[in-house]
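Below is one structure, written out as structure tokens, with a few remarks after it.
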Amino acid sequence: MTKVELSRRLLLQKAAVTVSSITVLGTIAESATAQDRSSQQAVGYQGEPNAGHRCGTCFQFQPPAACRIVNGRISPQGWCTRYFPRS
Numbered sequence: 001m002t003k004v005e006l007s008r009r010l011l012l013q014k015a016a017v018t019v020s021s022i023t024v025l026g027t028i029a030e031s032a033t034a035q036d037r038s039s040q041q042a043v044g045y046q047g048e049p050n051a052g053h054r055c056g057t058c059f060q061f062q063p064p065a066a067c068r069i070v071n072g073r074i075s076p077q078g079w080c081t082r083y084f085p086r087s
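Residue numbers 1 to 87, in the numbering used here, belong to the letters of the sequence shown in order.
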């Protein structure tokens, strides 16, 4: 086996291990993020705005219907006690 073949093989093996590691770490991070979110009940989520405040104008809202810190489907017209307006 020549040095070039050995180097290519080693490079491909290391690349495969790196890609696999990144995939696993991404899955773990995504799972941890989901576990860190609060339940809708815990944050007093309601499907209606409160005094003009609504999820659609909150920093944590992720269109079309999600939140960075609250689990479940979130209406842009909803509101919770963790409301933080975008600047």
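Backbone N, C-alpha and C define an ideal beta-carbon position, used for all residues, glycine too.
- Per the Cβ contact rule, the region 39–58 is not in contact with the region 9–16 (fewer than 3 Cβ pairs under 8 angstroms).
- Residue pairing for P85: DSSP places it in a beta bridge opposite C58.
- For N50, the beta-bridge partners assigned by DSSP are H53.
- For F59, the number of other beta carbons within 10 angstroms of its own is below 16, and it is reported as exposed.
- A residue is called buried once 16 or more other Cβ atoms fall within 10 Å of its Cβ, and V19, having fewer, is exposed.
- Within the same chain, Cβ atoms closer than 7 angstroms to the Cβ of Q62 are found at R68, the five residues on either side in sequence being excluded.
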